[in-house]
Structure formats: structure tokens, C-alpha cells
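Worksheet: one structure, shown below.
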Amino acid sequence: MSRNTAVVNLTLDKSGQGLTLNWSESPGAASRSMTGSEMARFDDLANRVGEAEKSPLCANSPVLGTRLALGRALYELIDGPERALSQRLRQVRGAGAHVHLIVRLQADDPDLLSHHPAAHWRWELLADEQGHVGTRDHVSLAVQLGEQAAGAPDMLEHGILRVLFMAYSPANTEPELDYEGEEDLIAAALSDFIEQGRATIHVAEEGTVDELERRLKLDDYDVVHLSGHGVLRAGRPYLLMEDEEGQVDEVGPDRLWAALKRARTMPRLLMIASCHSAEARGDMPSLAAQLVALGAPSVVGWVRPVRDDVATLAARDLYERLCAGVNSAEAVAFARRELYEADRAATHPSMAWGTLHLVTHNPMGFQLAPDVQPSREEEQPMPGELYRFLDQQGQMRVLQHGFVGRRRELQRLVRLLRHGKEGALPRAGAYILGMKGVGKSCLAGRALDRHEQDVGKVGLVVLHGELTDHQVIEQFRLLALQWQDEKAQAILDRADDSVAQRVEKLLRSQWPRQRLVIVLDDFEQNLDLRPEGHARLRPQAAQLLGVLLPACRVERPKLLVTTTASFELPTGERDALAAIELGAFQPGSVRKLWYRGQAEQSDFQTCAADPMARSGRAFGPQCPDFGLGAPTHRRQDPAGGAMAGRGSARAPGELARRGG
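Each residue of the sequence shown is one higher than the one before, starting from 1 at the first, in the UniProt record's numbering.
Have a look at this one:
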């Protein structure tokens, strides 16, 4: 299908009070001025839509009417007496072509660009007599800030969509979003592209702005996906990110841009899966608009609170189309249409299609270069079987997907593997303590996955269960063979040395700077339990730890231990391992697991009176808040308090959302 580009310009004068409108080409190329009263009319129509979207979505909901009223007024505005837009749409329909409509917002004073009055007029709702234009297959739309010419999309010659996924879920911020499920769904949707080398997904486990800056400095990414709660507070938009302690850190556009501008290469697209990330109110520009005005190439966000499942599905569709070689503007249009079509088939629609918003500096966006054979830069775990084995003997089984919870423990492990210390205290590693079945091995496996995404391929030695000399030597030998390290093999073959001596020489002289993690799994099989106090190490285990702990404390290799019983460490090494204790799941994790199970039942529906409820896959008779009565919503109470339900008893199936 051929593509036609149509550009309508709305230019703000230096006073910030007047607008002129014209199309870049005829028809409609002659300039028209808008009076202050005309601009105020569109402000009022947009505000009415916003107020209607706060109301329950029932049979008499004002949402549909106010959206159509605004959409038709916008259409008449840019259509003008020449019927400029109508002529263009009729032409492409007759030719079976595609039209990319660019609403270009310009300002004589560049400092006023993010405050452009037309930036919050909800152009996605543009409508003619047949309905909303942006829901049609042959139409895509972008709101552009600035004057860059509409040429061809930027081609990514490397042929790989490189995605950085970062969720932020600070402590005491309810409701907890299913960011793990979001990651799994996106990875599953892109699995074929990942297998072909057309996509990579790296996950930053720490949801801090400092970690975002660090990751962007170290690697090149085309897309940054930010997932979590957003809030409007004191007239400004913020993302509720995490600080170093996992507490709330309210990050506004200036701090976010400070991290982005230090990137090794600027990401082409920032996807902010948070409520209000594209909402402007009065004189307050949206987070998305401010980032683009500061220099971000393109930002996709949400004008209103958005359901957790809706935000996830939109991201999935967007990334699928990008991997398939579609340009970013058309990929966003596709995701919006999919939301619209899902609403048409749903008994209880979300109506979120009209809140997905693209604001950009480059109106044509980017796309993967066609006919480029991508190179496999790295191996990535493939979505598929639920479990995988860390060791070649198939004894240490860990989750490949479906992981839930343990966020603080996981963040602590990832930091420890990266830095080898906690604060100023050097650590050899950590031991993970908990009853059987609480996920100790899965936590270790998840931490290793995250560590490899961050630093590259890591050598792995897994010693499962009761230690024997033969097992220890053979597992280290497997790694030496994998690395084709003949000197290491020679060290392991020295029969005159004890096993502990061979391991010490290996770590101290041959592999001191190698990225290596040694895992002692089900280590309780090497302990003698006592009626009171810590268990005692058996002689074989004591000898091996006597070598591993000091070596891993000062060298790059690190040690992870999973055990059901605590134990005494050798004298002089009592603080060599950080203690990570796993208890029962937190209520938020239980709710996510419960909801996932219910979501697999095709006949499952929830009627939630509380618009914050976690499972409202459908609006029930009680008619929850528009766009809010759904699986988790990504917002928080704008007054700064907890989300509804915080601190109170809450059924596992109640819903949440991404902002407020």
C-alpha cells in the first residue's frame, strides 16, 4: 500500500496567545488565524472529554458524545472551507492508499513549544460523519512538536529492535502492577523475532532513574519501555519510580531527560506505560510533550488512567509491528486500532484506544531496515516451556517465565553480583534461606538472567545437593571445556592437590577476573542440624567454603547458596555471604498469581464496584470508573496517599491501575 503524507501546521505566535493554521500543500495552504475565543472553545471541548472519562461507563455515559463532539470540531477546524482533509481522505480511499496525517505544532518562540495550546486537544479523536478517523486501517496520525520536515522514516540498519524494559514498583505504592506478566507477554509476543535475531529485550530490575542512566550509557537501545504508576501532583506530571532503598522517587520530565540525554545513543522511542504520561491540563504540558520539547525523538503515553492489561497489550502490538518492519507512527496507529476493535467486540469496552497518544519530533518515526540480515549479538532465553534447568544434569530447575514477586530480594542479589559488595562491605555472594517451595532456586536463576543481560555472558558452575570430590571437579571441568581453557583443565587434573586446593588455584590464579557464578543448590544436604541454633557444616562443605568464601570476596567470581537451614560460616568469614530470607509471598504477589489463574478461564468476568479493583477485565453492572475498572490501573492517589485498598483487606481479584 502506498503512503501519502499530509501535514497541517498550527503555529503559535510569540505572544503565546494566537494561532495560525495552514496545510503544507494545497488544498488548504492559505493561512487562517484562530481567535482566542475559538481556542478557548477547543480547550473547553477537550476538558469536557476529560471530565466525561472520569465518569462511570454506563449506557448513558457522556464519553462517546463528548469524544465525537471534540473529534468533529477538530475535523472541521483543519478541514476548512477548502475541505482540505476530506479531499485527501477521499483521494487515498479511491487509490487504496494510506495517509499519514501529521498535526505539526510550531511556535515562533521555541520555549513555548511544550505549552502549545493544541497539544492537549486530543487529536486521536479526530472524527468525520462516519466516525473517528484514526480507527481506520488506511489512516495513521502523529502529533509533531517542531519543524522537522516529513521525509522518509529513519532506517535502523542494524536490523534489530533493541528494547530496554524497566518497571518501577516502589514500596507501599498500591496497587502493585503485574510488571512481570507484562514482561512475559511482550517476550512471548516477540519470541519468533527474538529467535530470528530481530529483537532483543533487556530488563533493568532496578526501577531507578540512576539505573536508567547507567544502562543507557552502557548499551544502545532503540526503545525504552517504562512501566509503573504515574501521577499528577501540584500541577506537574511525575513517574513514581524507585530510589536506592526501593521507596518512592517522584521523577519529572527534567530528571528523566537528564538520564536520557546521557545515553550512548538516544533511544528512538520512549514508551511510558503509566497513567497520565501524555495528559496536559490547562497550562501544564504533558510529560510526553515536555520530553519531546527537550529533545526526545518520540514518546508514546496515555492521556488517562489505563488498565494494566490494556497497557500491556498495546505495547505488545506496537513492538510486534516494529519488528515486522512497520514504521513507528503506523505501529502506534495499529496498536490503537487493535484496542478499538477489541472494544467493539467486548461487552464492557475499556475505551482506552482514544487515550493512546504519540508525540514526536520526527513525524515519520523510524523502522527496521528491510532486507537486512540481523546478526545474533547474544543468546536470550526463549519463551516456551515454563521451566528450564541451570545445570547440565537437570537438577536445578528454575522458572523461565511466570516469575512473580521477590522484587527487593532480586534487586539486592543483582546489585551484589554486579558490585561484589553491599555498601563498603565486600561480599563473596549471598545465601538464600527459606522453606522448600518458596522459590529459592528460581530467585537465583532470575538474578543470574538479569546479571547476564547487564554484563554479558557469565560462566556458571552448579553444585546440587550433597557435595562430592568427583562432582566438584567435573562441574568446574565442564566450564573449563566450555571456555576452551587448557590451563584450567591442567589445574583440575593435578591429582597431588586436594579438591579444595585445585579450586583455590583456579579462582585465584586462572580465573580471578572471569565473570563466574558458583551456585550451591539445596545446600542443606551438606549440613548437620542441631536442636538449637545454626546447623554445622559437614567437613567436605567446610573445606570447600573455606576456599570459596575468601576467593569470591576479593576476586570477580561470586557464590550463591540456596538452603532450607541457616548455618555457621567459617571463622573469619562470618559476614562473607549476605543473608536473603524468603518467607510467604506478599499480598500483591498473591493477587497477581490469583488473577493470572482466573484470566486463563475464558468464562471469567469480574464486576467490580471499586474502580481500582485488580481484575475488572469487564465493566460490571456497578459500572466502574471509565478506563479504570480493569486489571490494574497505573496511577496513584493524586493527594499523595495510598491507592484505594491500601492497608485494608482486599480480595485477591481486586484490580489496580497505572496512575491517578
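Glycine residues also receive a C-beta, built at the ideal position from the N, C-alpha and C atoms. These numbers were taken from a predicted model, which means no experiment stands behind them.
Beta-carbon proximity check, residue i vs residue j, cutoff 7 Å
i	j	result
Q501	K487	no
N9	A97	no
residue 674	R88	Since the first and last residues shown for the chain are 1 and 660, residue 674 lies out of range.
D528	G465	no
V299	L270	yes
V303	L145	no
P426	R536	no
T355	L185	no
R67	L125	yes
P512	E474	no
A430	A289	no
P570	G546	yes
Q367	P550	no
P253	L287	yes
V224	L164	yes
E82	P27	yes
W257	L294	yes
L413	A447	yes
I580	E320	no
G207	S274	no
E205	R418	no
Residues near residue i by beta carbon distance below 6 Å, same chain, minus five either side
i	result
P557	L507 and L516
I518	V461 and L559
H357	A278, G301 and V303
G16	L112
S602	Below a pLDDT of 50, predicted positions are generally treated as unreliable, and S602, at 41, falls in that range; the measurement from the model is reported next regardless. For S602, where only same-chain residues beyond five positions count, there are no Cβ hits under 6 Å.
W353	R336, L339 and Y340
S31	T20 and N22
R650	Unreliable positioning characterises R650 in this predicted model, as indicated by a pLDDT of 30, which lies under 50. The coordinate reading is nonetheless provided below. Here the set comprises nothing.
residue 667	In the structure as shown, the chain starts at 1 and stops at 660, and residue 667 therefore has no counterpart that could be examined.
Proximity to residue i [Cα-Cα], best of the options
i	options	result
L212	V248, K261 and R233	K261
residue 702	V455, V292, K457 and A495	Not covered by the structure: residue 702. The range shown for the chain is 1 to 660.
G90	A118, R67, E195 and R136	The question names Gly, but residue 90 is Arg in the sequence shown. When each option's Cα is compared against that of R90, the closest is R136.
V139	W123, A296, E279 and L145	W123
V458	H132, Q514 and R321	Q514
A342	E452, G282 and D309	D309
R530	V49, A565 and H225	A565
R538	P550, L549 and E524	E524
D371	L410, C323, W353 and R307	C323
V103	V231, S24 and R415	S24
V248	G437, G295, P297 and N172	N172
E504	E180, F476 and L19	F476
V326	Q543, H115, E180 and G365	G365
G159	D454, G131, R198 and L416	R198
Q147	A542, E245, R408 and H361	A small fix is needed here, since residue 147 is Glu in this sequence, not Gln. When each option's Cα is compared against that of E147, the closest is H361.
A149	L161, D44 and L105	L105
N526	F567, D220, G423 and G65	F567
M266	G246, E244, A296 and D283	A296
R406	R415, D220, V438 and A424	V438
E452	S86, I201, G181 and Y179	I201
G423	E244, R574 and Q543	E244
A73	Q543, D283, D128 and A187	D128
R214	A189, A259 and G445	A259
G18	A29, H115, P175 and G131	H115
Whole-number beta carbon distance between residue j and residue i, since they are thought to touch under 8 Å
i	j	result
Q540	L467	5 Å
L216	I272	Not confirmed; about 15 Å, so no contact.
V63	M351	6 Å
R268	D222	5 Å
A84	I78	7 Å
residue 661	A315	For residue 661 there is no data in the structure shown, the boundaries of the chain being 1 and 660.
P119	P285	Residue identity differs from the one stated: residue 119 is Ala in this sequence, not Pro. Between P285 and A119 the Cβ distance is about 6 Å, and since that is below 8 Å, they are a contact.
V203	M241	With 8 Å as the limit, V203 and M241 do not qualify as a contact, their Cβ atoms being about 15 Å apart.
D220	R162	6 Å
Cβ shell of residue i (< 7 Å), same chain only, five flanking positions each side left out
i	result
K440	I432, G434, T562 and L582
D317	F334, A335 and E338
D13	D108
E157	A369 and V372
Q471	L463
M382	Its pLDDT being 49, under 50, M382 is placed unreliably by the model, and nothing is read from it.
Residues near residue i in its chain [Cβ-Cβ closer than 8 Å; skip 5 each side]
i	result
S648	The predicted position of S648 is uncertain, since its pLDDT is 30 and thus under 50; a value taken from the coordinates is nonetheless stated next. Excluding residues within five positions, none has a Cβ falling inside 8 Å.
A46	L70, H120, W121 and R122
Worksheet item: Do the segment 22-41 and the segment 52-63 touch if we need at least three Cβ pairs shorter than 8 Å?
Response: No: the two stretches stay apart, fewer than three of their Cβ pairs being nearer than 8 Å.
Worksheet item: Per the contact definition of three or more C-beta pairs closer than 8 Å, is the segment 158-171 in contact with the segment 329-336?
Response: no
Worksheet entry | At least 3 beta-carbon pairs within less than 8 Å: the segment 236-245 vs the segment 179-196 | no
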